[in-house]
Amino acid sequence: MTEFFGYPRPDGSVGIRNTLLILAGTVYANKLCAHVASLIQGAIAIEHPLGRTQVKPDLRLTRRFLSGTGANPNVGGVVIVDHFQELGCTAEDIAQDISPTGKLIATVNIRKSGGLISATEKATRYALEIARQLSNQRREAAPLSKLIFGMNCGTSDTTSGLSSNPATGLCSDKIIAEGGRSIMAETTEWMGAEVWLTGKAVSKEVADKIMAGVADMEARALASGEDIRGSQPTGDNILGGLTTIEEKSMGACKKAGNSPIVDYLDIAMPPGSQPGLYVMYGPGHGAESISSIAAAGSQVLVFSTGGGHTISHPIMPTIKVTGHQESWDLMKDTMELNVSGVLRGEISLEQAGQMVFDEVLATCNGRLTKSEILKDDNSFAIHRVGISI
Amino acid sequence: MKTVFVIEAADNVGTAVLEDLIRQGDTVGTTGRITDVTVTARADIPYGHKIALRPIKKGEQVMKYGLSIGTATEDIQPGDHVHIHNVESNRGRGDLAAAGKK
Chain P
1 MTEFFGYPRP
11 DGSVGIRNTL
21 LILAGTVYAN
31 KLCAHVASLI
41 QGAIAIEHPL
51 GRTQVKPDLR
61 LTRRFLSGTG
71 ANPNVGGVVI
81 VDHFQELGCT
91 AEDIAQDISP
101 TGKLIATVNI
111 RKSGGLISAT
121 EKATRYALEI
131 ARQLSNQRRE
141 AAPLSKLIFG
151 MNCGTSDTTS
161 GLSSNPATGL
171 CSDKIIAEGG
181 RSIMAETTEW
191 MGAEVWLTGK
201 AVSKEVADKI
211 MAGVADMEAR
221 ALASGEDIRG
231 SQPTGDNILG
241 GLTTIEEKSM
251 GACKKAGNSP
261 IVDYLDIAMP
271 PGSQPGLYVM
281 YGPGHGAESI
291 SSIAAAGSQV
301 LVFSTGGGHT
311 ISHPIMPTIK
321 VTGHQESWDL
331 MKDTMELNVS
341 GVLRGEISLE
351 QAGQMVFDEV
361 LATCNGRLTK
371 SEILKDDNSF
381 AIHRVGISI
Chain Y
1001 MKTVFVIEAA
1011 DNVGTAVLED
1021 LIRQGDTVGT
1031 TGRITDVTVT
1041 ARADIPYGHK
1051 IALRPIKKGE
1061 QVMKYGLSIG
1071 TATEDIQPGD
1081 HVHIHNVESN
1091 RGRGDLAAAG
1101 KK
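Going down the list, the sequences are from chains P and Y.
As numbered in the numbering used here, residues 1 to 389 make up the first sequence, in order.
As numbered in the numbering used here, residues 1001 to 1102 make up the second sequence, in order.
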């Protein structure tokens, strides 16, 4: 049995970081949150442009993303700030959603606090107290079954499906074999690989949900005048050697590894308790996709990329892996692993999978990603379905 | 010898993934899940593109990742460049669907 050392939470989950989150409930609390985080050691602010004048389905999504992020095991405590009461997504609503985790929570309303300066003082004092308490907590041994492993790909090229994606899938298989759970999102990239994916589903019910998810995403895109089949593969993809959408999607879906799909999740919804691979509805947009996986409770994510990437979630360490030597040479400032040896025949896919697994385990034990060290937490984004009103 | 990468044993194409470009007439071997096939390139194979490892008859499936990625639209010889000129998606193409509606 493999163990990692993490922060045990009152609800039985285990974090791999002990972040104090300063969470903006609305766009108008963003700068206050960033300011407070800059004053407090170990604090990270999450900013976003939403939380006001959204259509109801979008307001519910915003709340789900914010609450899920606050509830993520990597968050030790959270200060939530809003500026006015947006019914259905107030700081108190979000706090109530997070409270079953038993973690330290404080809320600040800018208006009720008497304006920006008083609210900044109040939030800073809450953060100070929570930071003191978090600094008492120590890492303890936990089984790998406590892990929810996230997988995503982006800026993909011909190397992705042949090296970094299958290596990520083999890592996922190892985690699932230890009783853990994995989440793969990006519904747009299942299109053309549906038969393969549904063949991995544990039941007809799960297979039907996968097909319905793909149909829904395709219809939503068509309603916006975008036929995903027409743009996939893109002109660039075709120049790069991708011939059909099946080829492109199969390359992406190699992240799924060889494990059966135990259930289908709506966007940003937590998986069930059963170990195994979960597929989640969501867009190909990298920041929205990894943010939905973090909001579902994933503590660590491997991002497989052909062209190289800077993507990094504020509270979920984002490990970047490439199988493209040139991309590694250009982008290694923000990347952890180079598995291009697979394509040169120097290492096997199984060895590459072990490299990814070892990196994930080290990250769970506290090794910082390069993006964490560089404070380049650039990728928090909330999916939306409608217009601003 | 130049090589292409093969991800599953059931595949009938390999992918050019090394910077050393494959030219028409080159002898090409394989790495990955198939290591014992050698073909002579019948065309230049750009980086990222596919080469046939076996004969694929018109109407047969082009296999990569151990699965069909499309149907051959003409007879393909070992060493041929395999791409949009001789493979068609089974899932359909949005641009053709849009043209059909017009």
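From the three backbone atoms N, C-alpha and C, an ideal C-beta is built for every residue, glycine too.
Asked: Partners in chain P for I1034/Y, counting only beta-carbon separations shorter than 7 Å; Found: Going along chain P, no residue has its Cβ under 7 Å from I1034/Y, so there is no contact; the nearest lies around 12 Å.
Asked: Through-space distance from I389/P to C55/P, alpha-carbon basis; Found: Inspection of the sequence shows that residue 55/P is occupied by Val rather than by Cys. Looking at the two C-alpha atoms, the distance is approximately 7 Å.
Asked: Per DSSP, cross-strand counterpart(s) of V3/P; Found: The amino acid occupying residue 3/P in the given sequence is Glu; Val does not appear at that position. According to DSSP, which records beta bridges pairwise, E3/P is partnered with P143/P.
Asked: Range of the contiguous alpha helix (DSSP H) that encloses V401/P; Found: The structure shown does not extend to residue 401/P, since chain P is modelled only from 1 to 389, so the question has no answer here.
Asked: Beta bridge counterpart(s) of F65/P as assigned by DSSP; Found: DSSP output for F65/P lists no bridge partner at all.
Asked: Of the residues E1088/Y, Y1065/Y and L1067/Y, the one placed nearest I1076/Y, counting alpha carbons only; Found: E1088/Y
Asked: Sub-8 Å separation of A1072/Y and I1051/Y beta-carbons; Found: no
Asked: Contact set for K122/P: own chain, Cβ-Cβ below 8 Å, skip 5 residues either direction; Found: V108 and S113
Asked: Reduced DSSP category for T188/P - H, G, I as helix; E, B as strand; rest coil; Found: helix
Asked: Secondary structure of N72/P, DSSP reduced to three states; Found: coil
Asked: Exposure of Q299/P, with buried meaning 16 or more beta-carbon neighbours within 10 Å; Found: buried
Asked: Rounded C-alpha distance that separates G6/P from G76/P; Found: 11 Å
Asked: Inter-residue Cα distance where the pair is T158/P and T234/P; Found: 13 Å
Asked: Nearest-angstrom Cα separation, counted from V360/P out to S292/P; Found: 19 Å
Asked: Helix, strand or coil at A381/P [DSSP, three-state]; Found: coil
Asked: As assigned by DSSP and simplified to three states, the class of N18/P; Found: coil
Asked: Partners in chain P for V1017/Y, counting only beta-carbon separations shorter than 7 Å; Found: T158, T159, L162 and L343
Asked: Segment contact flag, the stretch 376-384 of chain P with the stretch 342-359 of chain P, C-beta cutoff 8 Å, min 3 pairs; Found: no
Asked: Within chain P, the residues that K1057/Y reaches when beta carbons sit closer than 8 Å; Found: Near K1057/Y there are no residues of chain P at all, since even the closest Cβ is about 17 Å away, more than 8 Å.
Asked: Boundaries of the beta strand (DSSP E) in which A45/P is found, first to last residue; Found: A43 to I46
Asked: Residues in the stretch 186-204 of chain P having any Cβ partner in chain Y nearer than 9 Å; Found: M191, G192, A193, E194, V195 and W196
Asked: Within chain P, partners of P1078/Y - CB distance below 9 Å; Found: Near P1078/Y there are no residues of chain P at all, since even the closest Cβ is about 18 Å away, more than 9 Å.
Asked: Amino acids of chain P, ordered along the chain, whose beta-carbon sits closer than 8 Å to that of R1023/Y; Found: The premise fails here: R1023/Y is roughly 16 Å from chain P at the closest Cβ pair, so nothing lies under 8 Å.
Asked: Among I290/P, P10/P, G68/P and N338/P, nearest to E186/P - alpha-carbon criterion; Found: I290/P
Asked: Strand pairing of L301/P, partner residues [DSSP]; Found: G150/P and T318/P
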